[in-house]
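Have a look at the structure below, then the notes.
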Amino acid sequence: MVVPLSGDVLPAGVRPHDAESLFQQLGNDPEIEERKRFTIPKAPADGTGGVPTTAEVAVLAMPPHRATALVRDPAVHIERDHHLHHASPSPRGMGVEGPLVNPGVQPKAAPVTAVSFRVTGGNGVPLPGATVVVMSPEGNFQSSTDPDGRTTLNLTIHDLTAITGVYVKPVSDYWEAYQDLPALSIAEENTVRLRPLSDTFPMIHERQVRGWGLAAMGLEQIPPNYRGRGTKVAIIDSGVATGHPDLNRRITSGIDLVHGEESGQWSVDTLGHGTHCAGMVAGDAGNALGILGIAPEAEVHVCKIFPGGRYSTIIEALKYCIAHQIDVVNLSMGSDEPSALVSNAIEQAREAGTACVVAAGNSTGRVQYPGRLPTVLTVAAIGKLGQYPVDSYHAQQVWGQPDEQGYFSAAFTCHGPEVDVCAPGVAILSSVPERGYAAWDGTSMATPHVAGLAALVLAHHPDFRDGHRERNARRVDRLFEIIRSSCTPLDLGDPGRTGAGIPHAGRALALEAPVRAVLTPELAQLREAMQNAGLLTATGTTVTSPLEEVRRMLQAAGLLPTT
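Going left to right, the sequence shown walks through residues 146 to 708 as my numbering numbers them.
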């Protein structure tokens, strides 16, 4: 991505480029190919929704030596247009967008061992399209079942006792399955029978159901008229299958940044990821059937950037969100690499009153970007014992010791000081194309829980009917403060995996009083030391977690901004 810098940010004596002339010059270079060009909006300084000023960006394909030469130009900003990844984990770190990666593939001449599988439902019906993954120290081998529920994997493993596991993921309506250290047969077909979701959620296609996450966040206790009317939520993802019964006739606005803005394919979701997120935020068939979302009367906009999502498409999607005055953006994706241009776009969205709720990521390491930014609300994932079959891969996601309520940190979740809150992200039930349901894992699934709650807060909390109605950064910051302050602290062995804790709808909507955290001896000592040094008055504050207590002490001492 190449941006000519404006004169106000250039060093003294450096003349700015004319954008059109620069891009024309680069386009004439036979080693450079222009892929697309777009503008980055800048929110008006007064936050009143006036006409924004813009900066132009060109996305160019060029060899490394040409990029290196361009970096030396002080009047140009240049950075890689990195790929994005969904914040949904796959077994043993396999890819999640499109076909699963098979690092065990060997040259065609290598001898192979053929192992056949048949995947069926509990009643013996074949399940086509199910992904079968065989795991081994040499790599992971995968394939998908045919219309008869059959598939054969050619393994470059001759000692089948070296296989560490078999994972089977259905398209919809069944629980996934996992077998540790399986005894596989070469001579006969290996049959895997999956449990129907209806075993856990009886009559799922005939009555309305709610996943365990809504109860965990207190959403089942709020008044039935709290449905998010008047707010706008954007799902920046793989599109949304708007023909799904839970979403039909409810989502009418969107943009397709994969095939082109005018293609209209934002309502096609070949990956299912965006549909799953949308169901959690706003699902409601209106006939007491299917999944009930958190804010079913919010106005949902779809920004399709997958498959093939890159930083440039996030920027374009945020441009759409600013132009359409979106209130909450759900970003269930991330990357290991930072981006100054994406950071700028998120800040411009914040200044325009658009709040970005972002997944922490699923690589098990540090929080991914843009979840590292202080201008977003970053969500890690937790699970709860008893919410999934014990022979599913969900059971492999327990990290550390569950607490007395059965909550645990998800093994896949990214973690660190950037995590603001945690939310349900293991065995989360929601809608998938075309008319089905699936239980998935990921910080991708945790994030829509918080985005949906954010829409409810903006629609129903008294603060946003009074002093924070104006669309600006103060509005976004207040929203995030309310959500963090509503949290129930969780002690799951690492504060960086839970942040302030799990948000509670009743407290976030000012329907219940906040809870007072019990300070650890270390925090009590810190507070006393700050009081003795004159940095903090002796008057305490009502907080919901030790992390929030530290935040407020630093703010009171003037060591941390209050906005």
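Glycine included, every Cβ here is placed at the ideal spot set by N, Cα and C.
This one's a predicted model, so the numbers in the text were calculated from it and none came from an experiment.
query	result
Three-state secondary structure assigned by DSSP to TYR582	strand
Contact check, ALA440 vs THR397, beta carbons under 8 Å	no
GLU224 and LEU486 closer than 8 Å at C-beta	yes
Which of helix, strand or coil DSSP assigns to ALA200	strand
Spatially closest choice to ASP327 from ALA596, ILE308, VAL316, by CA coordinates	It is worth fixing the name first, because residue 327 is Pro in this sequence and not Asp. Checked all of ALA596, ILE308, VAL316; the closest Cα to PRO327 is ILE308.
Cβ-Cβ separation, ILE177 to MET207 (assumed contact under 8 Å), whole Å	5 Å
Cβ-Cβ distance between THR588 and ASN507 below 8 Å	yes
Per-residue DSSP class, three states only, for PHE625	helix
Coil, strand or helix - LEU486 by DSSP	helix
CA nearest to the CA of ALA322, picked from ALA540, GLU549, PRO519	ALA540
Reduced DSSP secondary structure (H/G/I, E/B, other) of SER712	Here the chain comprises residues numbered 146 to 708, so residue 712 is not present and cannot be evaluated.
8 Å CB neighbourhood of ASN247 in its chain, flanking five on each side removed	Because the pLDDT at ASN247 is just 38, under 50, the model does not fix this residue reliably, and the value given afterwards should be weighed accordingly. Same-chain partners within the cutoff: GLY284, ASN285, PHE286, GLN287.
Under the three-state DSSP convention, the category GLN542 falls into	helix
LEU671 - DSSP class collapsed to helix/strand/coil	helix
Alpha-carbon spacing of ILE628 relative to PRO648, whole angstroms	6 Å
VAL564 beta carbon less than 8 Å from that of VAL512	yes
Three-way DSSP call (helix, strand, coil) for MET478 in this model	strand
Bridge partner(s) assigned by DSSP for ASN335	PHE262
C-alpha distance - LEU305 paired with SER289, whole-angstrom precision	20 Å
Pair within 8 Å by beta-carbon distance, ALA658 and SER631	no
Of the residues PRO256, VAL474, ALA525, GLN550, the one placed nearest ARG642, counting alpha carbons only	ALA525
Proximal residues to GLU334 (C-beta, below 6 Å), its chain only, five neighbours per side dropped	SER261, ARG263
Collapsed DSSP secondary structure at ALA494 in the structure displayed	helix
Exposure label - LEU704; buried when at least 16 CB within 10 Å	exposed
Residue nearest to GLY363 in terms of C-alpha spacing, selected from HIS594, GLN410, THR336, HIS231	HIS594
CA-to-CA distance, HIS605 to ALA157, given in whole angstroms	50 Å
Separation of ASN489 from PRO483, as counted between CA atoms	11 Å
Sequence-distant residues of its chain with Cβ nearer than 6 Å to GLN410 (five each side left out)	ASP401, HIS404
Alpha helix (DSSP H) runs contained entirely in the segment 592-648, provided each spans 4 or more residues	618-630
VAL271 (DSSP reduced to helix, strand or coil)	Residue identity check: residue 271 is Pro in the sequence provided, not Val. Looking at PRO271 - three-state DSSP - the assignment turns out to be strand.
is_contact[SER488, chain B] using C-beta, thresh 8 Å	The chain labelled as chain B is not found in the depicted structure, where only one protein chain is given.
Straight-line Cα distance separating ASP163 from THR198	Because THR198 carries a pLDDT of 49, less than 50, the predicted location of this residue cannot be relied on, and the following value inherits that uncertainty. Their backbone Cα atoms lie some 16 Å apart in a straight line.
Element boundaries [alpha helix (DSSP H), containing ARG652]	650-653
Assigned exposure category for VAL154 - 16 Cβ within 10 Å defines buried	exposed
Closest by C-alpha distance to SER480, when choosing among THR509, VAL385, GLY581, THR297	THR509
Counted within 10 angstroms of its Cβ, other Cβ atoms place PRO640 as buried (16 or more) or exposed	buried
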